[in-house]
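All remarks here apply to the structure that follows.
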Amino acid sequence: MTQDRTTHAETEAATYDVVATEEKWQRVWEELDPFRADDDSPREKRYALTMFPYPSGDLHMGHAEVFALHDVIARYWRMRGFEVLDPMGWDSFGLPAENAAIRNDEHPATYTYANIETQAASMRRYGLAFDWSRRLHTSDPEYYRWTQWLFLKFRERGLAYRRKSPVNWCPNDQTVLANEQVVDGACERCGAVVTKRDLTQWYFKTTEYAERLLTDLDQVADRWPNRVVTAQRNWIGRSEGAHVDFAVEGREQPVTVYTTRPDTLFGATFMVVAADADLAAELVSDAQRPAYEAYLEEIRRASDIERLATDRPKSGVDLGVTATNPLTGERLPVWASDYVLADYGTGAIMAVPAHDQRDLDFARAFDLPVRRVVDTGEPDPAESGVATSGDGAYVSSGELDGLTDKAAGISRAIELLEERGTGTGTVNYRLRDWLLSRQRFWGCPIPIIHCPSCGEVPVPEDQLPVELPELKGADLKPRGVSPLAAASEWVDVACPTCGGAAKRDSDTMDTFVDSSWYFLRFTSPGYTEGPFDPERLREWGAVDQYVGGLEHAVLHLLYARFFTKVLHDMGMLDFVEPFEALLGQGVVVNQGRKMSKSLGNGVNLGEQLDAFGVDAVRLTLVFASPPEDNIDWADVSPSGSQKFLQRAWRLSGDVTSAAGTDPTGGDATLRSQTHRTIRDAAELVEGHRFNVMVARVMELVNATRKAVDTGCGPADPAVREAVETVAQLLSLVTPYVAEEMWERLGHEPTVAQVAWPEVDPALLVEQSVTAVVQVQGKVKARLEVDPGIDGEALEALALADADVQRALDGREVRKVVVRAPKLVNIVV
Numbered sequence: 051m052t053q054d055r056t057t058h059a060e061t062e063a064a065t066y067d068v069v070a071t072e073e074k075w076q077r078v079w080e081e082l083d084p085f086r087a088d089d090d091s092p093r094e095k096r097y098a099l100t101m102f103p104y105p106s107g108d109l110h111m112g113h114a115e116v117f118a119l120h121d122v123i124a125r126y127w128r129m130r131g132f133e134v135l136d137p138m139g140w141d142s143f144g145l146p147a148e149n150a151a152i153r154n155d156e157h158p159a160t161y162t163y164a165n166i167e168t169q170a171a172s173m174r175r176y177g178l179a180f181d182w183s184r185r186l187h188t189s190d191p192e193y194y195r196w197t198q199w200l201f202l203k204f205r206e207r208g209l210a211y212r213r214k215s216p217v218n219w220c221p222n223d224q225t226v227l228a229n230e231q232v233v234d235g236a237c238e239r240c241g242a243v244v245t246k247r248d249l250t251q252w253y254f255k256t257t258e259y260a261e262r263l264l265t266d267l268d269q270v271a272d273r274w275p276n277r278v279v280t281a282q283r284n285w286i287g288r289s290e291g292a293h294v295d296f297a298v299e300g301r302e303q304p305v306t307v308y309t310t311r312p313d314t315l316f317g318a319t320f321m322v323v324a325a326d327a328d329l330a331a332e333l334v335s336d337a338q339r340p341a342y343e344a345y346l347e348e349i350r351r352a353s354d355i356e357r358l359a360t361d362r363p364k365s366g367v368d369l370g371v372t373a374t375n376p377l378t379g380e381r382l383p384v385w386a387s388d389y390v391l392a393d394y395g396t397g398a399i400m401a402v403p404a405h406d407q408r409d410l411d412f413a414r415a416f417d418l419p420v421r422r423v424v425d426t427g428e429p430d431p432a433e434s435g436v437a438t439s440g441d442g443a444y445v446s447s448g449e450l451d452g453l454t455d456k457a458a459g460i461s462r463a464i465e466l467l468e469e470r471g472t473g474t475g476t477v478n479y480r481l482r483d484w485l486l487s488r489q490r491f492w493g494c495p496i497p498i499i500h501c502p503s504c505g506e507v508p509v510p511e512d513q514l515p516v517e518l519p520e521l522k523g524a525d526l527k528p529r530g531v532s533p534l535a536a537a538s539e540w541v542d543v544a545c546p547t548c549g550g551a552a553k554r555d556s557d558t559m560d561t562f563v564d565s566s567w568y569f570l571r572f573t574s575p576g577y578t579e580g581p582f583d584p585e586r587l588r589e590w591g592a593v594d595q596y597v598g599g600l601e602h603a604v605l606h607l608l609y610a611r612f613f614t615k616v617l618h619d620m621g622m623l624d625f626v627e628p629f630e631a632l633l634g635q636g637v638v639v640n641q642g643r644k645m646s647k648s649l650g651n652g653v654n655l656g657e658q659l660d661a662f663g664v665d666a667v668r669l670t671l672v673f674a675s676p677p678e679d680n681i682d683w684a685d686v687s688p689s690g691s692q693k694f695l696q697r698a699w700r701l702s703g704d705v706t707s708a709a710g711t712d713p714t715g716g717d718a719t720l721r722s723q724t725h726r727t728i729r730d731a732a733e734l735v736e737g738h739r740f741n742v743m744v745a746r747v748m749e750l751v752n753a754t755r756k757a758v759d760t761g762c763g764p765a766d767p768a769v770r771e772a773v774e775t776v777a778q779l780l781s782l783v784t785p786y787v788a789e790e791m792w793e794r795l796g797h798e799p800t801v802a803q804v805a806w807p808e809v810d811p812a813l814l815v816e817q818s819v820t821a822v823v824q825v826q827g828k829v830k831a832r833l834e835v836d837p838g839i840d841g842e843a844l845e846a847l848a849l850a851d852a853d854v855q856r857a858l859d860g861r862e863v864r865k866v867v868v869r870a871p872k873l874v875n876i877v878v
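Start counting the sequence shown at 51; every next residue gets the next number (the working numbering).
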């Protein structure tokens, strides 16, 4: 391919047409399809995945950041010779589409798939190296057929079940909400005050896998962000303690309490039951029932998170009954309160106010006794109002008195309980089973038929998928139960077992179910014999690198891990952790705050792309900070990125040596910097220090421009080698200008398929390094020295330097700190 050459003055003034360049290379990529993964490739396989988006309008700045970071990794792996699976799809069920359909009198699919096409077009424009042949949508019947199949398989294993329980209820959206969807007692979507309702709901038994979910974190802990691993551990919340039985007056069976501190039983002065637990309604005396029911109505509006807040004022009601302390025989009053949760442990606690602050706050609010049983040397909590939780000597503790070791005290207390038949040592978890029922239309139907004679009957596999009916507009309006319940032609069916009249389950599944296995489907999206082809999955394996927002640090990751472990136990997977490595990015803010229309600080991605071009926006996001840090768009400069890219592009027009020219014998200084840049770039990408990698490329561009203008000149083969390297490294971040440069340098597209440049070790040996000389901590000189210089010689050079002598100005040198070969610090 021949190139027209221009003078240096012309190239300095030249710029490339950003819009035309983007349109040109989009057509080329569409034709070449360079990023399609080959299942049968002999090359080592790598699976790169970014969390797939929900199709609510077009892409935003958060998408732009995560996609740009992810693309660096996927493109780098391709250049390093791996066969890379890099798919994209949409998490396309969910409430926003249904609400939009109600407003617009249309089917949710209309809104959903229109937005998907909008986002797909934006992704293509954004130059992302996705394998579009594997595209999937969780709302396609071809996909949710297998979501239903998995539900039934989980149910066969006892992992899917129904039970009645109190749940968060949004009266506006008319559906159950997870605790995380309740903010300050209101629905995070619509702002309606959330209430509590007792509903019979479907659950996945995640607690069955609590221990494995916890211990298997060790397999990924060194490749996941620490805060994510910590969040997972805290959510699972393993603790060791004892189940303690309290006999309650008027009740044949004892009430069992879980505690991590059975050694403090001697300090228990009352018991507290979750106000919304069935147990509280069962225990309350007739005399106290009116007060209890009034209190229950009052507290139903609070979320679990609010109820557990330590600074929340304590409230409660005396149930009018007493329980017997199994170690002391003391009769303890039983209260109901909202700071105990119905579905944590047994829904009841023994209150030891001297050594638990929430219990102490409750005791002080209702004038209940406070008894210290561990002397930590701190003031008595009964007087100070501050509970003591540290170690110390046991006092007022019967057979434990005199012990000073907490572990020994716990062990002895458990022995006493077991000897008396009133308790046992046990392990407990904070993790609760996953409530997956939703009372809305736009979700995966639950494949169960309810028969008056046969009970719960699974839909036969050959009748899957159970597809959604064609409801729209007013038929979708929330009504306290799922809109599907009123779709008589859909819900009324014959029982598959007895043939009698029956009804389909009208709830749909939480969309977290859809996203808990999508990464498995990407390995064989067209497979029809199961949710995925086991052979293809064995070839690709677990996801090698997962990239996404840290807001999913708990639920999505936990649920995907749960699904993976169940499928492993079913013999369908060879691995037990879905994501080998995890990269969590920060968020893009503006003027120090989250972007918001009400604040007037929103930044529209499309407008930024139109103003500066895709490459400049991508470069700005990658260069702004380490991936995990937030980016303030007010503090960055896409226009500066645009100017840099034009400078880099102009270099490709300056090269006058022919493509394929051997760089050996070229300018040694420039070649050395080129090869050090290649080496550093690889290390920096693998360490996820993408912003520093960009800085190294910028340094190489500056060095090459200097070589062209005042050094070896454009014909030196070292210049071609440097510019080709710039194009290859920029292709990780700015694909359009990289392709344009590669073509101008005389190569066929696409640069994304070119192998990572080889490093010549001989060129990595530095001929000299810059030693910084400081006087009183301030830089006064820079010396070019041999990399092997010893400390004594470097100190002598520094003290002899004229600039250093002027800075010393005859003052006595007290101390010289030398870090050969790069630093000398002189203290006077």
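Using N, Cα and C, we set each Cβ at its ideal position, and we do this for glycine too.
Is residue i helix, strand or coil when you go by DSSP?
i, result
"Thr61", "Bear in mind that the predicted position of Thr61 carries a pLDDT of just 46, short of 50, making it unreliable; the figure below should be weighed with that in mind. In the structure shown, Thr61 sits in a helix (DSSP, three-state: H, G or I)."
"Ala70", "helix"
"Pro158", "helix"
"Cys240", "coil"
"Leu795", "coil"
"Thr257", "helix"
"Ser881", "The question about residue 881 has no answer, for the chain in this structure spans 51 to 878."
"Met620", "coil"
"Asn751", "The residue you asked about is not Asn; residue 751 is Val in the sequence shown. Correct three-state label for Val751: helix."
"Met173", "helix"
"Thr614", "helix"
"Asn640", "strand"
"Lys756", "helix"
"Gln824", "strand"
I need the boundaries of the beta strand (DSSP E) containing residue i, first residue and last residue.
i, result
"Glu506", "Gly505 to Pro508"
"Tyr308", "Val305 to Thr309"
"Gly475", "Gly473 to Tyr479"
"Leu632", "Leu632 to Gln635"
"Tyr596", "Gln595 to Gly599"
"Phe629", "Taken as a continuous stretch (DSSP letters only), Phe629 belongs to no beta strand (DSSP E), as it is neither H nor E."
"Val877", "Leu873 to Val877"
Would you mind giving the Cβ-Cβ distance between residue i and residue j, rounded to the nearest angstrom? I have them listed as a contact below 8 Å.
i, j, result
"Gly523", "Ile152", "7 Å"
"Gly473", "Phe316", "Actually they are not in contact, since the Cβ atoms of Gly473 and Phe316 sit about 14 Å apart, beyond 8 Å."
"Arg422", "Thr257", "About 35 Å; that fails the 8 Å criterion."
"Ala150", "His120", "Between His120 and Ala150 the Cβ distance is about 28 Å, and since that is not below 8 Å, they are no contact."
Compare the C-alpha of residue i against each of the options and name the closest.
i, options, result
"Ala885", "Ala236, Trp285, Asp272 and Arg247", "Shown here, the chain extends from 51 to 878; a query on residue 885 therefore has no answer."
"Thr188", "Ala870, Val809 and Phe572", "Phe572"
"Ala87", "Glu80, Glu94, Tyr126 and Asp136", "Asp136"
"Leu814", "His606, Thr727 and Val305", "Thr727"
"Val307", "Met138, Ser91, Phe132 and Val384", "Val384"
"Glu793", "Ala852, Ala709, Gly737 and Thr245", "Ala709"
Tell me where the alpha helix (DSSP H) around residue i begins and ends.
i, result
"Leu587", "Pro584 to Trp590"
"Thr670", "Val664 to Phe673"
"Arg128", "Met111 to Met129"
"Tyr193", "Pro191 to Glu206"
"Ala718", "Ala718 to Glu736"
With respect to 7 Å, is the separation between the Cβ of residue i and the closest non-hydrogen atom of the ligand NAP below this value?
i, result
"Asp455", "Ligands are entirely absent from the displayed structure, and the ligand NAP is therefore not among its contents."
Evaluate the contact criterion for the stretch 684 to 692 versus the stretch 704 to 721: three or more CB pairs, one atom per stretch, below 8 Å. Taking 8 Å as the limit for Cβ pairs, the verdict is that the stretch 704 to 721 does not touch the stretch 684 to 692.
Segment contact, 8 Å Cβ cut-off, at least three pairs: the stretch 360 to 369 with the stretch 392 to 403: Segments in contact, no.
Are the stretch 184 to 199 and the stretch 567 to 585 touching by the rule of at least three beta carbon pairs closer than 8 Å? Enough Cβ pairs lie closer than 8 Å, so yes.
Could you tell me whether the stretch 249 to 268 touches the stretch 201 to 221, using the rule of 3 or more Cβ pairs below 8 Å? With a cut-off of 8 Å, the stretch 201 to 221 and the stretch 249 to 268 count as touching, because enough Cβ pairs lie within range.
The stretch 291 to 301 touching the stretch 453 to 471, judged by at least three CB pairs closer than 8 Å: With a cut-off of 8 Å on Cβ pairs, the stretch 291 to 301 is in contact with the stretch 453 to 471, counting three or more such pairs.
At least three beta-carbon pairs within less than 8 Å, the stretch 379 to 394 to the stretch 317 to 333: Contact holds between the stretch 379 to 394 and the stretch 317 to 333, because three or more Cβ pairs, one in each stretch, are under 8 Å apart.
Are the stretch 764 to 772 and the stretch 703 to 720 touching, with three or more C-beta to C-beta distances below 8 Å? Contact between the stretch 764 to 772 and the stretch 703 to 720 is present, with at least three C-beta pairs closer than 8 Å.
Okay, do the stretch 744 to 759 and the stretch 141 to 151 touch, 3+ Cβ pairs below 8 Å being the bar? They do not touch, by the three-pair rule.
Would you check if there are 3 or more beta carbon pairs closer than 8 Å linking the stretch 582 to 596 to the stretch 617 to 635? Between the stretch 582 to 596 and the stretch 617 to 635 there are three or more C-beta pairs closer than 8 Å, enough to call the two in contact.
Is the stretch 798 to 814 in contact with the stretch 79 to 94, if contact means three or more CB pairs nearer than 8 Å? Cβ pair count under 8 Å is three or more, so yes.
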